[in-house]
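Participant: Residue numbers (this note's numbering), protein chains in the order written: chain S, 2 to 252; chain P, 7 to 349.
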Ligand SMILES: Nc1ncnc2c1ncn2[C@@H]1O[C@H](COP(=O)(O)OP(=O)(O)O)[C@@H](O)[C@H]1O
Ligand SMILES: [Mg+2]
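#1: With DSSP collapsed to three states, give me the class of residue 256/S.
#2: Measuring straight from C-alpha to C-alpha, what distance separates residue 236/S and residue 249/S?
#3: Does chain P have any CB closer than 8 Å to the CB of residue 253/S?
#4: Given that a residue counts as buried once 16 or more other Cβ atoms are within 10 Å of its Cβ, and exposed if not, what is residue 42/P?
#5: Heavy atom of ligand 1 less than 7 Å from the Cβ of residue 50/S, yes or no?
#6: For ligand 1, is there any heavy atom lying closer than 7 Å to the beta carbon of residue 15/S?
#7: Please report the distance separating the alpha-carbon of residue 107/S from that of residue 78/S.
#8: Between 116/S, 168/S and 144/S, which lies nearest to residue 102/S when the distance is taken from Cα to Cα?
#9: For residue 220/S, report the span of its beta strand (DSSP E) as first-last.
#10: Going by other Cβ atoms of all chains shown within 10 Å of its Cβ, with 16 needed for buried, is residue 260/P buried or exposed?
#11: Return yes when the C-beta of residue 134/S is under 7 Å from any heavy atom of ligand 2, and no when it is not.
#12: Mind checking which residues open and close the beta strand (DSSP E) that includes residue 162/S?
#13: Give me the residue from 102/P, 169/P, 326/P and 68/P with the minimum Cα distance to residue 231/P.
#14: What number of angstroms, rounded off, separates the C-alpha of residue 92/P from the C-alpha of residue 72/P?
#15: Is any heavy atom of ligand 2 found at a distance shorter than 7 Å from the C-beta of residue 163/S?
#16: Which value, in whole angstroms, describes the spacing of the CA atoms of residue 266/P and residue 50/S?
#17: From which residue to which residue does the beta strand (DSSP E) around residue 80/S run?
#18: Would residue 208/P pass as an interface residue toward chain C - the criterion being a Cβ-Cβ separation below 8 Å?
#19: Is the beta carbon of residue 247/S sitting closer than 8 Å to the one on residue 203/S?
#20: Just reading off the beta strand (DSSP E) that residue 209/S is part of, what are its end residues?
#21: Of all the options 36/P, 132/P and 277/P, which has the alpha carbon lying nearest to the alpha carbon of residue 22/P?
#22: Is DSSP giving residue 301/P helix, strand or coil here?
#23: May I ask you to report which of helix, strand or coil DSSP gives residue 63/S?
#24: Tell me the DSSP secondary structure of residue 7/S in three-state form.
#25: Quick one: Cα of residue 186/P to Cα of residue 277/P, how far?
#26: What in chain S is Cβ-close to residue 156/P, meaning under 8 Å?
#27: Which first and last residues belong to the alpha helix (DSSP H) in which residue 16/S is found?
The following block contains the structure:
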């Protein structure tokens with residue numbers, strides 16, 4: 002579904018992402034992990050058209066994405082969330098999702114269809130009951146859900162979820178992880194999930210890719226990754242055992 | 007009271023004014039208010055989304071001058087001249103706005119670029135004074151005696167223009183309501199907050215902004231053309247320049263930027279303010295009944311400025327918005343005057 006080759010991003014003289022190759026198969030959940038500043042969000046920004054790659058190619062369903070604008074990429078079927086939620090505060094929760102439902106589907110659907118996409122998306126993330134409320138009434142968890150609902154309302158084939166768990170408590174995290182799994186299972190949406198919080202991620206993803214200082218240092222199943230020396234050294238550190246347990250728990 | 011029915015009712019009452027004996031100067035005031043209301047409505051459909059243009063004086067002048075020049079020099083009927091003026095103005099808006107939006111010139115910077123446009127167009131009119139009459143103003147040549155539908159000239163008969171003005175005003179309100187009810191409105195609200203997040207959900211940011219800007223410019227140009235046909239006299243300061251651009255902003259902010267009737271109320275207030283000031287300060291050169299030019303000319307700009315700041319701070323939704331908030335609070339229900347969610 003997605004094949005990325007030699008992807009590089011240089012900001013000024015600083016290389017944020019350096020020659021990264023990876024691919025994503027239809028229907029899988031790929032976890033993208035790495036320390037802060039390792040280039041995860043930058044990869045998302047290139048996949049979604051916010052930044053143009055310095056070099057490299059991004060092939061999505063046999064179409065080249067690098068150089069395309071964000072709205073075009075969105076309409077090709079890639080939805081994204083932002084690490085720090087970016088809701089539209091002047092619109093209600095439902096209007097936020099309806100906007101995404103309408104413009105994320107090429108403006109080719111009727112207004113009423115857009116609103117029903119929006120309601121479905123809000124139902125999925127559990128915001129349906131407060132759909133007509135102001136965005137201002139949402140807490141951290143609610144804002145993350147709205148971010149996800151906006152992306153889902155665009156009816157993506159591929160969802161880029163950026164640190165969906167940050168700022169959530171433990172039960173909220175479990176819930177959010179389960180939500181991503183449901184999205185894949187029920188809506189058949191392929192997911193790349195960037196996450197800082199490892200334990201929960203390992204239980205849900207099919208495959209993990211690890212970044213460090215803009216470079217890909219490992220890739221494999223959750224169990225392989227948690228036992229990878231390099232990964233333990235730069236990233237997992239003393240938590241390795243605990244996370245490895247979580248990965249095994251996936252069964 | 008339903009806003010839609012209220013506006014329809016208002017239109018009918020306005021059309022009936024001559025039958026109840028309203029004519030002459032009072033009728034002139036009504037027509038003038040309606041034409042300006044349309045210009046203000048045109049500005050407000052983009053201004054409400056934070057696209058603050060100080061270039062609408064330029065668009066209004068373009069509408070008036072192009073129509074009059076085509077008539078005087080080529081004998082082209084305004085029926086063709088006005089559409090041409092609107093197209094040219096729309097193109098000018100596109101040429102100025104496209105690079106602004108492409109390079110994300112927003113907020114104060116956008117206001118400054120458009121401010122420059124106001125002045126450039128005024129300067130061009132003055133520089134080409136051999137053709138345009140410069141700062142002395144310009145008059146479309148009368149087409150024979152009396153009425154001419156071909157030339158859209160109705161001297162000594164305000165009733166025809168009353169109907170044209172009411173119709174135009176109504177179209178302005180309808181456009182306002184259509185924009186308000188469109189998906190583009192949500193897109194523009196979103197864009198005004200966060201362009202990147204908007205494009206991430208599929209909104210074509212530059213296109214949406216251009217669409218509303220061109221519509222807005224063309225509406226204002228139409229008001230300029232109408233003003234020219236009605237007054238049979240235009241000058242760079244009565245329908246163009248920075249003064250008119252500021253007057254437009256002032257009227258809409260005071261009247262209410264989030265309400266369909268806001269620009270109309272703004273037109274009433276600016277007109278009476280200008281009249282009161284003119285009479286009390288006394289710019290004696292203007293003949294009261296004959297050549298009444300109602301606008302910012304002669305109205306000290308600093309008074310506009312002070313009032314504008316006052317409104318922005320204390321009554322950001324303007325008079326109509328503030329009033330409808332007050333009423334809906336009292337009744338515990340909405341007055342159905344749509345107001346933006348901006349709080
Ligand atoms: N727009 C930008 N301009 C300059 N540097 C950037 C920009 N975006 C990200 N960076 C830098 O690139 C590096 C990777 O950032 P990011 O992709 O956000 O990391 P992560 O999401 O893995 O925490 C960081 O050092 C960051 O400062
Ligand atoms: Mg990040």
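Beta carbons are placed, not taken as given, at the ideal position from N, Cα and C, and that holds for glycine.
Facilitator: Per the coordinate set shown:
#1: Absent from the structure is residue 256/S, since the part of chain S shown begins at 2 and ends at 252.
#2: The straight-line gap from Cα to Cα measures roughly 19 Å.
#3: Residue 253/S lies beyond the residue range present for chain S, which begins at 2 and ends at 252; the question has no answer from this structure.
#4: Classification for residue 42/P: buried.
#5: Checking the Cβ of residue 50/S against ligand 1 gives no.
#6: Yes, since a heavy atom of ligand 1 falls inside the 7 Å radius drawn around the Cβ of residue 15/S.
#7: Whole-angstrom Cα-Cα distance: 10 Å.
#8: Selected option, being the one with the closest Cα: 116/S.
#9: Here the beta strand (DSSP E) through residue 220/S covers 216-221.
#10: The residue is buried, with at least 16 neighbouring Cβ atoms inside 10 Å.
#11: If you check the C-beta of residue 134/S against ligand 2, you find no heavy atom less than 7 Å away.
#12: Residue 162/S -> beta strand (DSSP E) spans 159-163.
#13: Each of 102/P, 169/P, 326/P and 68/P was checked against the Cα of residue 231/P, and the nearest Cα belongs to 68/P.
#14: Spanning the two alpha carbons is a distance of roughly 9 Å.
#15: At least one heavy atom of ligand 2 is nearer than 7 Å to the Cβ of residue 163/S, so yes.
#16: If you take the alpha carbons of residue 266/P and residue 50/S, they lie about 37 Å apart.
#17: 79-81 is the span of the beta strand (DSSP E), which, as asked, contains residue 80/S.
#18: Of the protein chains in the structure, S and P, none is chain C.
#19: By the CB criterion at 8 Å, residue 247/S and residue 203/S fall inside the cutoff.
#20: Where residue 209/S is concerned, the enclosing beta strand (DSSP E) stretches over 208-213.
#21: Among 36/P, 132/P and 277/P, the Cα nearest to that of residue 22/P belongs to 36/P.
#22: Legend: pLDDT at residue 301/P = 44, less than 50; position of this residue unreliable, no value from coordinates given.
#23: DSSP places residue 63/S in coil when its eight states are reduced to three.
#24: Correct three-state label for residue 7/S: strand.
#25: Taking the straight line from one Cα to the other gives about 26 Å.
#26: Residues of chain S passing the Cβ test: none, with the nearest at roughly 42 Å.
#27: Counted as a single uninterrupted DSSP element, the stretch harbouring residue 16/S is not any alpha helix (DSSP H) but the beta strand (DSSP E) occupying residues 15-25.
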